[in-house]
Each structure stands twice: as C-alpha cells, then as structure tokens.
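Numbering (my numbering), first residue to last: 236 to 294.
Heads up, the beta-carbon is just placed ideally off N, CA and C, and yes, glycines get one too.
Bear in mind the structure is a predicted one, so any value in this text is a computation, not a measurement.
Encoded as structure tokens, the structure appears first; notes follow it.
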C-alpha cells in the first residue's frame with residue numbers, strides 16, 4: 236500500500252531546480268483526508284483478513 240500526494244515521482248524529480256540533497260519537503264500535496272482514507276481502507280482490509288483467519292481456524 237502506498238499513500239501519495241498529487242505529484243508523481245517523475246514530476247517531482249523532473250521539476251526545474253530539483254535537488255535530491257535539498258531539505259525541501261515533497262509531501263505538501265498529501266492531504267490529511269487522503270491519509271485518513273488510506274488508513275481506513277487498510278483497517279478494513281485487516282478486519283476482513285482477521286475475520287477470515289478466525290473462521291479458518293475454527294474449521
């Protein structure tokens with residue numbers, strides 16, 4: 236699972252003046268809402284997997 240901002244890796248490294256040694260943050264386009272949605276999705280998948288494993292163990 237990956238949570239990304241709106242820019243692709245290629246857009247970030249292809250930007251004029253890009254310097255991988257700078258301390259510039261490239262995550263400013265990553266919103267709290269996008270992170271929250273990813274966490275919610277992950278928790279849902281974990282819940283389903285846990286339920287399935289428990290059901291299999293009970294067989």
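Cα-Cα separation, residue i to residue j
i: residue 252; j: residue 280; result: 40 Å
i: residue 293; j: residue 286; result: 11 Å
i: residue 284; j: residue 269; result: 23 Å
i: residue 244; j: residue 257; result: 16 Å
i: residue 250; j: residue 259; result: 13 Å
i: residue 288; j: residue 271; result: 26 Å
Endpoints, the alpha helix (DSSP H) within which residue i is located
i: residue 272; result: 267–292
Does the pairing of the stretch 265–273 with the stretch 238–256 give three or more beta-carbon distances under 8 Å? yes
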